[in-house]
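Working notes, beginning with the structure itself.
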Amino acid sequence: MTAPLESRSELRVRYAETDAMGVAHHANYPVWFEVGRTDLMHRLGLPYAEVEARGYYLMLSGLQVEYRRAARYDDLLTLITRVGSVRSRTLTFSYELWRGEELLATGETRHIATDKTYRPARLPADVLTLLSGGTAAR
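Here UniProt numbering is used: the sequence shown runs in plain steps of one and ends on residue 138.
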């Protein structure tokens, strides 16, 4: 079995992302997950903008976040994003958010591929190959 595809993104908690106590608001975690997905897609050589240009959307169909510890203003965080399951029309990404050696949160997003009319659509074979850890000529 091959290791899952992953990327690491560094994030610094901005003041605007915190409450009066300097704690990052829970609504920022899904936004940070999007940063991780975007970075991972770039790393694979498949920027999300290219997916859209080819006539597809990866619509969010599910989101799960488990908060373990609070991120705080000016913390330097590492977000590890991995490709989970990949099917012809659906895929998942998993996330781990770390502050140094301390795990702050985990999460998962589920996505369904649609065409530009928002109907479920099969992703092209080369996209599926890239997301599954193979290489494909495009």
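Each residue gets a CB set at the ideal place from its N, CA and C atoms; glycine is no exception. This one's a predicted model, so the numbers in the text were calculated from it and none came from an experiment.
Item	Value
Residue 127 versus 110, 89, 109, residue with shortest Cα-Cα distance	89
Three-state secondary structure (DSSP) of residue 143	Given that the chain is displayed from residue 1 to residue 138, the structure contains no residue 143 and the question cannot be resolved.
Buried versus exposed call for residue 15 [16 or more other C-beta atoms within 10 Å across all chains shown]	exposed
Element boundaries [alpha helix (DSSP H), containing residue 53]	48-53
Inter-stretch contact at 8 Å, needing at least 3 Cβ pairs: the stretch 50-60 / the stretch 69-81	no
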